[in-house]
Amino acid sequence: MFNSSAKIMFFFILMTGTMITISSNSWLGAWMGLEINLLSFIPLMNDNNLMATEASLKYFLTQALASAVLLFAIIMMFLNNFPVTENNLLFNNLIISSSLLLKSGAAPFHFWFPNVMEGLSWMNNLILMTWQKIAPLMLISYTSQNNFMIGVIILSTIIGSLGGLNQTSLRKLMAFSSINHLGWMLAAMQTSESMWLTYFYFYSFLSFSLIFIFNNFKMFHINQLFNSFFNSKILKFILFLNLLSLGGLPPFIGFLPKWLVIQLLIMNGQYFLMTVMTMMTLITLFFYLRLCFAAFMLNYFENNWTMNIQINNFLFKCMLFLSFISTFSLILISLIYIYL
């Protein structure tokens with residue numbers, strides 16, 4: 071990604087756009103930050119590749135639609151020539167929330183997200199899954215739409231888990247996983263401001279550690295997971311432990327944010343929401359486990375000649391370090407908590 075000075079410049083403008091949005095004290099300023107963020111991400115997406123060009127066009131059209139709707143709602147809010155009743159304000163909040171959910175790719179506004187992810191490189195996917203969600207989520211946390219948000223949370227967790235069942239592309243798998251995690255973030259947002267940020271930090275770290283491996287080995291489809299790493303079983307273990315951590319299997323660190331959100335929902339008496347979310351996340355975990363069983367238990371075809379994978383020593387150490395954190399951090403946190 072950072073092979074040209076222009077891309078570095080656009081990357082910093084992208085970060086600036088998000089900063090403008092989250093530090094803005096008016097809706098108009100927030101909209102302006104979102105626009106700067108959008109217009110700087112389009113050049114980053116374009117890699118002189120037909121699929122990337124198509125993805126950037128899809129992304130631009132959906133984001134432009136969301137921005138137009140958001141601007142319309144903001145202007146409606148600023149105008150004083152209509153009776154400002156509570157119903158109007160609720161309707162306005164609903165429009166604002168919908169446009170921001172479309173920007174972040176939450177269900178039922180997720181239609182563009184897997185298709186855009188499929189056309190991008192892994193680094194752009196990482197930006198789209200993590201950094202590009204900060205500004206819309208921060209703005210969603212300012213609007214209170216309880217019943218509407220609960221519907222969005224349930225839909226996001228259902229679509230995020232069921233959509234990934236029949237996928238063979240790793241990028242689409244990560245996209246549906248991201249929609250599922252977005253549902254959890256929105257649920258955390260309903261009860262606590264700091265809780266969704268905590269969840270977001272954990273999710274960003276786990277996504278980074280997984281995409282770091284995918285990017286280094288240029289993996290884009292499930293069959294590449296099985297056929298790679300012929301003579302390096304450690305790498306195979308590292309990869310699938312990270313996958314299980316992202317799915318939220320208890321011994322790993324990915325379980326901690328889910329555990330905290332479940333506890334928070336129970337404390338607030340939202341038992342139905344918590345049950346639906348947990349059940350749907352088990353389906354997500356099922357398709358991760360299905361991958362792991364297939365890779366570990368079945369004896370895949372190995373070539374007669376040895377394939378020595380040339381791995382940079384520094385990159386290998388980075389992978390080991392990231393995987394160690396995502397695998398053993400829950401135990402380490404427990405030990406620190408006990409001794410302190």
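Mapped onto my numbering, the consecutive letters of the sequence shown carry residue numbers 71 to 410.
For every residue, glycine included, the Cβ atom is placed at its ideal position computed from N, Cα and C.
This structure is a prediction, so every number in the text was calculated from the model and none was measured.
- Sequence-distant Cβ neighbours of residue 166 in its own chain, meaning closer than 7 Å and more than five residues away, are 140, 143, 213.
- In the DSSP assignment, no residue is bridged to residue 399.
- The three-state secondary structure of residue 239, taken from DSSP, is strand.
- The beta carbons of residue 349 and residue 336 sit no closer together than 8 Å.
- Going by beta carbons, residue 358 and residue 317 fall inside the 8 Å limit.
- A direct Cα-Cα distance of roughly 42 Å separates residue 340 from residue 121.
- When Cβ pairs closer than 8 Å are counted between the two stretches, the region 113 to 131 is seen to touch the region 178 to 194, the count reaching three or more.
- Where residue 381 is concerned, there is no enclosing alpha helix (DSSP H), because DSSP gives it neither an H nor an E.
- Under the three-state reduction of DSSP output, residue 251 falls in the helix class.
- Cβ-Cβ separation between residue 137 and residue 97: approximately 12 Å, too far for a contact (criterion under 8 Å).
- The continuous alpha helix (DSSP H) containing residue 185 extends over residues 183 to 188.
- Counting only runs of 3 or more residues that sit fully inside the region 324 to 353, no beta strand (DSSP E) segment turns up.
- For residue 96, no alpha helix (DSSP H) encloses it, and the DSSP letter there is neither H nor E.
- The secondary-structure analysis by DSSP pairs residue 180 with nothing; it has no beta-bridge partner.
- Annotation: residue 296 to residue 288 spans about 13 Å, alpha carbon to alpha carbon.
- Between the alpha carbons of residue 106 and residue 84 lies a gap of roughly 7 Å.
- Between the C-alpha atoms of residue 226 and residue 208 there is a straight-line separation of about 18 Å.
- A straight line joining the alpha-carbon of residue 396 with that of residue 312 spans about 7 Å.
- About 4 Å separates the CB atoms of residue 399 and residue 323; that is less than 8 Å, so the two are in contact.
- In the DSSP assignment, residue 227 falls within the unbroken alpha helix (DSSP H) covering 216 to 232.
- The distance from the Cβ of residue 244 to that of residue 308 is about 17 Å, inconsistent with a contact at the 8 Å cut-off.
- No residue range can be given for residue 288, since it is assigned to no alpha helix (DSSP H) and is classified by DSSP as neither H nor E.
- By the Cβ neighbour-count rule, residue 174 is buried, with 16 or more other Cβ atoms within 10 Å of its own.
- Bounds of any alpha helix (DSSP H) do not take in residue 302, whose DSSP letter is neither H nor E.
- When 197, 191, 403, 134 are compared, the shortest CA-CA separation from residue 169 is found for 134.
- In this structure, 292 is the residue among 330, 292, 346, 211 with its C-alpha nearest to the C-alpha of residue 362.
- For the set 360, 302, 409, 104, the Cα lying nearest the Cα of residue 237 is the one of 360.
- Under the DSSP assignment, residue 129 falls in the alpha helix (DSSP H) whose first and last residues are 120 to 148.
- Burial of residue 111 is indicated by the presence of at least 16 other C-beta atoms within 10 angstroms of its C-beta.
- If you draw a straight line from the Cα of residue 255 to the Cα of residue 206, it is about 12 Å long.
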